[in-house]
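Encoded as structure tokens, the structure appears first; notes follow it.
Protein chains: 2
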Amino acid sequence: MADEAPFQFLHNEVIQYIYKSSVNGETENGRKITKLENMGFRVGQGLIERLTKDTVRFKDELDIMKFICKDFWTCVFKKQIDNLRTNHQGIYVLQDNKFRLLNQLSAGKQYLEHAPEYLAFTCGLVRGALSSLGVKSIVTAEVSIMPACKFQVMIQKI
Amino acid sequence: MADEAPFQFLHNEVIQYIYKSSVNGETENGRKITKLENMGFRVGQGLIERLTKDTVRFKDELDIMKFICKDFWTCVFKKQIDNLRTNHQGIYVLQDNKFRLLNQLSAGKQYLEHAPEYLAFTCGLVRGALSSLGVKSIVTAEVSIMPACKFQVMIQKI
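Going line by line, the protein sequences match chains D and V. Using the numbering used here, the first residue of the first sequence is number 456, and each one after it goes up by one. Using the numbering used here, the first residue of the second sequence is number 456, and each one after it goes up by one.
Structure, rendered in structure tokens:
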């Protein structure tokens, strides 16, 4: 329980900081989301490098996605992704039924509008990790019932 | 090794972000250090609340400091403080011989000037934790040889 707490609390502070420190009438929500996403991207890049230092080469895209769902997710969130689905055409849906970064928000609907702030960093995290493994992607997230959420990964063919 | 990595990488990104996003000619280093320190303060407050949820009441100040050196440090940095000294008059020196947040910097002297950026958050962390336990303090840090460092805690008697 306490294992991922420092990361969780720091993540919350980063959100607060970015939302409070908006300057020059930079009220646009999109820019803040982008900042969080970029931060996640670089953390994802660093983490995946460390995690894959001693692993064997991945067989294919699906193999990479499984690594993200298991080893990578466990490293950051101390649990695996609960469900991975794919259409075998470059779209993957990663479902986490109890996403740790939403865990501290009340489960009611009143905070649903704030969910994107709490998901942006992780979207970047996944995109950064994939990018370092040579996979270009677009990652989005959606929440239906807190604290469950889905991350959709669209692989960008080059 | 990988356990504290997400926290470490995120911490690095926060430093980068605060140092890059300085606006309006806010070049003063002190303000950035303060921002990092404040962030640490709030994370420390949150963490200690969670960690002490089920612990017995502390006997005295020294008992609290020991908890910071062992349980609290292990939660955040996955190791204990290596040495705790006190003058029994409200000054405590916590020595970490291999401080994780300096670990990624080269051990040479050329980065010594950047050490304060990497220590400010943790100074706040300790101050916030102590504050939530009812102990007001001033926390400073110094590095002589990377990645070893000392945190000095001066208890403020009320």
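Beta carbons: idealized from backbone N, C-alpha and C, even for Gly. Just so it is clear, the structure is predicted and the values come from calculations on it, not from any experiment.
Within the same chain, Cβ atoms closer than 7 Å to the Cβ of M609(D) are found at G545, I546, S592 and I593, the five residues on either side in sequence being excluded. Within 7 Å of the CB of G501(V), the CB atoms of chain D belong to F464, in sequence order along the chain. When DSSP states are grouped into helix, strand and coil, L585(V) belongs to the helix group. Within the same chain, no residue comes within 8 Å of V511(D) by CB-CB distance, once the 5 residues on both sides are set aside.
The beta-carbon separation of D526(D) and L502(D), rounded to 10 Å, does not stay under the 8 Å limit for a contact.
Against chain V, the beta carbon of Y472(D) has neighbours under 7 Å at M494, listed in chain order. Inclusion of V548(V) and Q500(V) in the CB contact set at 7 Å is not warranted, their separation being larger than that value. Residue pairing by DSSP places D458(D) opposite no residue, since no beta bridge is assigned to it. Counting only Cβ-Cβ distances below 7 Å, E468(V) has contacts in chain D at M494, R497 and V498, in chain order. DSSP places T510(D) outside both helix and strand once states are collapsed to three, so it counts as coil. Listed by position along chain V, the residues whose Cβ is nearer than 7 Å to that of V581(D) form an empty set, because the closest Cβ is around 13 Å away.
C530 and V531: these are the residues of the stretch 526-539 of chain V whose beta carbon lies less than 8 Å from some beta carbon of chain D, given in chain order. Residue pairing by DSSP places S592(D) opposite I610(D) in a beta bridge. In chain order, V469, F576 and G579 place their CB closer than 8 Å to the CB of M494(D), counting only its own chain and leaving out the 5 sequence neighbours on each side. Taking 7 Å as the threshold, the shortest C-beta distance from R505(D) to chain V falls below it.
Bridge pairing for R540(V): V548(V) [DSSP]. Spatial neighbours of S587(V) in its own chain (CB-CB distance under 7 Å, excluding positions within 5 residues in sequence) are listed in chain order as Q500, I503 and E504. Boundaries cannot be given for L560(V), as no alpha helix (DSSP H) includes it and DSSP labels it neither H nor E.
The beta carbon of P461(D) sits closer than 7 Å to some beta carbon of chain V.
In its chain, beyond the 5 residues on either side, Y547 have a beta carbon closer than 6 Å to the beta carbon of M520(V). If you draw a 10 Å sphere on the C-beta of R486(D), you find fewer than 16 other C-beta atoms in it, and that means exposed.
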